[in-house]
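Undergrad:
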Amino acid sequence: MMEAYSSMETTTANEARIGAHGQVAIPESARSATNLGAGDRPAARMVGEPLVLERPGEIARRLQDRFRHIPPEVSLVDELIAERRLEAAREAAED
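Per the UniProt record's numbering, the very first residue in the sequence shown carries number 1; after that it's consecutive.
#1: With DSSP collapsed to three states, give me the class of ILE26.
#2: Give the list of continuous beta strand (DSSP E) stretches no shorter than 3 residues that lie fully inside the region 36–82.
#3: My guess is that ALA44 and LEU53 are in contact by the Cβ rule of under 8 Å, so how many angstroms apart are they, rounded?
#4: Cα-Cα, which of ALA16, GLN64, PRO56, SER75 is closest to SER29?
Below, the structure written as structure tokens:
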């Protein structure tokens, strides 16, 4: 993950520059350390106050890790739909 801030790792301070149209120039040392190159399109997200840049592949890997414990035969979508239908039935019964 290409995080500019991490509470568990030593960070190196690099000054980025924001251009007049919002473009962010990332210093060469940070690009080299994160293997970023011209034309790469990392996703930007806020983690608390810090801004974090992540490659799309890193996002997919993080999400896969988060849901890895769920067996393939379990459908979270079907479970959510069933919960919502049950809740709607409860609300209808209250009226």
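Even glycine gets a Cβ: it sits at the ideal position worked out from N, Cα and C. Just so we're clear, the structure is a prediction, and the values are computed from it rather than from any experiment.
TA: Walking through what the data contain:
#1: As a working mapping, residue 26 is identified with position 26 in the sequence shown. Looking at ILE26 - three-state DSSP - the assignment turns out to be coil, as it is neither helix nor strand.
#2: Correct list: 43–46, 51–54.
#3: Residue numbering aside, residue 44 sits at position 44 when the sequence shown is read from its first letter. Residue numbering aside, residue 53 sits at position 53 when the sequence shown is read from its first letter. That pair is a contact at about 6 Å.
#4: By one-based count along the sequence shown, residue 29 stands at place 29. Ranked by Cα distance from SER29, the options ALA16, GLN64, PRO56, SER75 are led by ALA16.
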